[in-house]
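Engineer: Right, I'll just put the structure down here and ask away after.
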Amino acid sequence: MALICGHDAPAYGLPLCEHIRTATAERVDHYIHYTGRGAETQRICGLCRNEAATAVTAAVCEDCFDEREGDGLGVFGHPEVVDASRPVPGAVENLPLPDDAGRVLDIAPIEQGFLLLCDDGRILRWDPEPGTCTKVARSTVVVPAGAQPWCGRAKALRLHASRDGAFAAVVIDHGQTGEVIDLSTGLVTIPLDNGGYHSYTVPFSLAFAEHAGRTVVLHRADWRVIEVADAATGAPVTRIPMVEAHTPWAGCFHGALHLSPEGTRIASDAWWWQPTGMVMAWDVPRWLADGESSWPQDIGLARLPFCEGYWNRPVVWLDENRLVLGGLGDDELEIVPGARVFDLRDRQEDDPMRPTEVATFGGPEGRFFAAHGLLFSLSEAGLVIWDPATGARLGTLDGFRPTHHDTVRGELLEFSATGLRRWRTAHATA
Ligand SMILES: [Zn+2]
Ligand SMILES: [Zn+2]
Numbered sequence: 001m002a003l004i005c006g007h008d009a010p011a012y013g014l015p016l017c018e019h020i021r022t023a024t025a026e027r028v029d030h031y032i033h034y035t036g037r038g039a040e041t042q043r044i045c046g047l048c049r050n051e052a053a054t055a056v057t058a059a060v061c062e063d064c065f066d067e068r069e070g071d072g073l074g075v076f077g078h079p080e081v082v083d084a085s086r087p088v089p090g091a092v093e094n095l096p097l098p099d100d101a102g103r104v105l106d107i108a109p110i111e112q113g114f115l116l117l118c119d120d121g122r123i124l125r126w127d128p129e130p131g132t133c134t135k136v137a138r139s140t141v142v143v144p145a146g147a148q149p150w151c152g153r154a155k156a157l158r159l160h161a162s163r164d165g166a167f168a169a170v171v172i173d174h175g176q177t178g179e180v181i182d183l184s185t186g187l188v189t190i191p192l193d194n195g196g197y198h199s200y201t202v203p204f205s206l207a208f209a210e211h212a213g214r215t216v217v218l219h220r221a222d223w224r225v226i227e228v229a230d231a232a233t234g235a236p237v238t239r240i241p242m243v244e245a246h247t248p249w250a251g252c253f254h255g256a257l258h259l260s261p262e263g264t265r266i267a268s269d270a271w272w273w274q275p276t277g278m279v280m281a282w283d284v285p286r287w288l289a290d291g292e293s294s295w296p297q298d299i300g301l302a303r304l305p306f307c308e309g310y311w312n313r314p315v316v317w318l319d320e321n322r323l324v325l326g327g328l329g330d331d332e333l334e335i336v337p338g339a340r341v342f343d344l345r346d347r348q349e350d351d352p353m354r355p356t357e358v359a360t361f362g363g364p365e366g367r368f369f370a371a372h373g374l375l376f377s378l379s380e381a382g383l384v385i386w387d388p389a390t391g392a393r394l395g396t397l398d399g400f401r402p403t404h405h406d407t408v409r410g411e412l413l414e415f416s417a418t419g420l421r422r423w424r425t426a427h428a429t430a
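Encoded structure:
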């Protein structure tokens, strides 16, 4: 059956208002209109914006859509937020930092408690239960004097730790250098340097993982290459192949790395020219075992939808297969709070690198966390809990704004200058 444009072709893009659809002399600029029915959107003109509730839209074919492609004027309306809120149980506990730590810049949960990075470079191993606090290393990584933020992204020291607490990494987010330290000796095993090419645009890509009984560290060794090395010796394990040809990953500037809970997949919050944000994800064990030759098919490389000018976005794994991206829309100027859930096992027929989007809903914003199959986000009020299958808001924990996820003890942590506050994620399932 023919579309309203008269062409017997598949519907393409968002439905258009009749003014955009019928414009002949010139292209008509558009608003993205959230109708309030789920996450449904349409393109409407300035006239229709005033009567948005009654705007009549219809789908056209790809050629007609492209012919009428004007400039974006922004977003109007909101996606629907389904509220199924109930009281959130469980108290938020205070946990003061040890007195001798001084000013603490970052923390990292480990099996024996926490590592603390102090502003004088000391790394402390702190177990709050017996109340022990031991200096295990001193980092020499410092933010260069006079460093200026770029687009609000300040250079800052960041602490990472292997789960067993045997290794730490101190890096400069939005910077160039860092180091991996063996905490049994206090010695640097891997000096880190990403070459500095546009490194101010992303957090320093770094993640610890396990491979063949060893702790390995994944790090950005070059703007487009993630290398894997043995954390104890620095011996190379593998890396993303450095290819010159136009390939689906060769031109990506890697950003924050997000490892799945069991470590079987990893996502990089990457971007490429224009700049366009593009989260990519791949399987870890096969890559580490088979090396560069496993790219891209054998490691299930996935490319998530592009978003103009937008990366460093909320990203979290619900489990080993489902990845959640924060923000609805495909342009930085049109992003609205929301979540998009992708299942990496299921790919689109016409694009095997594109995972199927299994849920899309409005509401979640700020940093994302996940536990027990639930999605957690932040609002001005505090922590918000969501059902990622239905998109329903399940509750809000006022005044608690976590910064870290302690997966060892199953707690969300709010780290600030005054100490830690913590809340058990299992309360969300009660
Ligand atoms: Zn219109
Ligand atoms: Zn048409």
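Here our numbering is used: position 320 in the sequence shown is 320, and no number is missing along the way. Where a beta carbon is used, it is the ideal one built from N, C-alpha and C, also for glycine. Being a predicted model, the structure only gives us computed values, none of them experimental.
Grab the span of the beta strand (DSSP E) containing L192 for me, first residue to last.
Structural biologist: Taking the first residue of the sequence shown as position 1, residue 192 is located at position 192. Looking at the DSSP string, the run of the beta strand (DSSP E) that includes L192 is L187 to D193.
Engineer: With distances taken Cα to Cα, identify the nearest neighbour of Q297 among H427, A59 and M353.
Structural biologist: Counting from one through the sequence shown, the residue named residue 297 turns up at place 297. Of H427, A59 and M353, the residue nearest in Cα terms is M353.
Engineer: For a quick check, are the C-beta atoms of L397 and G382 less than 8 Å apart?
Structural biologist: On the sequence shown, position 397 is the one that residue 397 refers to. On the sequence shown, position 382 is the one that residue 382 refers to. Yes.
Engineer: Taking G291 as the reference, which of D406, A108 and T238 has the closest Cα?
Structural biologist: Reading the sequence shown from its first residue, position 291 is the one you call residue 291. When each option's Cα is compared against that of G291, the closest is T238.
Engineer: Can you have a look at C118 and say buried or exposed, based on whether 16 or more other CB atoms are within 10 angstroms of its CB?
Structural biologist: For the purposes of this step, residue 118 is identified with residue 118 of the sequence shown, where counting begins at 1. It counts as buried.
Engineer: In three-state DSSP terms, what is C151?
Structural biologist: Mapped onto the sequence shown, residue 151 falls at position 151. Of the three classes helix, strand and coil, the one that applies to C151 here is coil, per DSSP.
Engineer: Let me know the secondary structure DSSP gives C252 once reduced to three states.
Structural biologist: As a working note, residue 252 is residue 252 in the sequence shown. Here C252 sits in coil by DSSP.
Engineer: Are the beta-carbon atoms of V336 and P388 separated by less than 8 Å?
Structural biologist: For the purposes of this step, residue 336 is identified with residue 336 of the sequence shown, where counting begins at 1. For the purposes of this step, residue 388 is identified with residue 388 of the sequence shown, where counting begins at 1. No, Cβ-Cβ distance for V336 and P388 is not below 8 Å.
Engineer: Give a yes or no on whether the C-beta atoms belonging to L159 and L115 are separated by under 8 Å.
Structural biologist: Residue numbering aside, residue 159 sits at position 159 when the sequence shown is read from its first letter. Residue numbering aside, residue 115 sits at position 115 when the sequence shown is read from its first letter. Yes.
Engineer: Let me check one thing: in DSSP terms, what residues is I181 bridge-paired to?
Structural biologist: Counting from one through the sequence shown, the residue named residue 181 turns up at place 181. According to DSSP, I181 bridges with A168 and V188.
Engineer: Please list the terminal residues of the continuous alpha helix (DSSP H) segment that includes R125.
Structural biologist: Within the sequence shown, the letter at position 125 stands for residue 125. No alpha helix (DSSP H) contains R125, which is instead part of the beta strand (DSSP E) from R122 to D127.
Engineer: On the DSSP bridge assignment, give the partners of R422 in chain order.
Structural biologist: Residue 422 sits at position 422 when you count from the first residue of the sequence shown. Note: R422 sits in a beta bridge opposite E93 and L413.
Engineer: Measuring only from the beta carbon, is D8 closer than 7 Å to any heavy atom that is part of ligand 2?
Structural biologist: Residue mapping note: residue 8 aligns to position 8 of the sequence shown, counting from 1. Result no, Cβ not under 7 Å from ligand 2.
Engineer: If you follow the beta strand (DSSP E) that H219 is part of, which residue opens it and which one closes it?
Structural biologist: Taking the first residue of the sequence shown as 1, we reach residue 219 at position 219. That run of the beta strand (DSSP E) goes R214 to D222.
Engineer: Pick helix, strand or coil for R37, following the three-state DSSP scheme.
Structural biologist: Reading the sequence shown from its first residue, position 37 is the one you call residue 37. R37 falls in the coil class under three-state DSSP.
Engineer: Got a sec, what are the start and stop residues for the alpha helix (DSSP H) T134 sits in?
Structural biologist: As a working note, residue 134 is residue 134 in the sequence shown. Counting along the chain, T134 falls outside any alpha helix (DSSP H), though it belongs to the beta strand (DSSP E) covering T132 to R138.
Engineer: Can you name the residues that DSSP bridges to A58?
Structural biologist: By 1-based counting over the sequence shown, the position of residue 58 is 58. Paired residues: L16.
Engineer: I'd like to know whether the C-beta atoms of S85 and R401 end up nearer to each other than 8 Å.
Structural biologist: Here residue 85 refers to the residue found at position 85 of the sequence shown. Here residue 401 refers to the residue found at position 401 of the sequence shown. No, they are not a contact pair.
Engineer: Any heavy atom of ligand 2 closer than 7 Å to the Cβ of C17?
Structural biologist: On the sequence shown, residue 17 is found 17 positions in, with the first residue counted as 1. Because no heavy atom of ligand 2 lies under 7 Å away, the Cβ of C17 does not count as near it: no.
Engineer: What is the rounded straight-line gap between the Cα of R256 and the Cα of G327?
Structural biologist: As a position in the sequence shown, residue 256 is number 256, starting the count at 1. As a position in the sequence shown, residue 327 is number 327, starting the count at 1. According to the sequence provided, residue 256 is Ala. The question's Arg does not apply to it. Between A256 and G327, the C-alpha separation is close to 16 Å.
Engineer: Is any heavy atom in ligand 2 found nearer than 7 Å to the beta carbon of L3?
Structural biologist: Here residue 3 is taken as the residue at index 3 of the sequence shown, counted from 1. Yes, since a heavy atom of ligand 2 falls inside the 7 Å radius drawn around the Cβ of L3.
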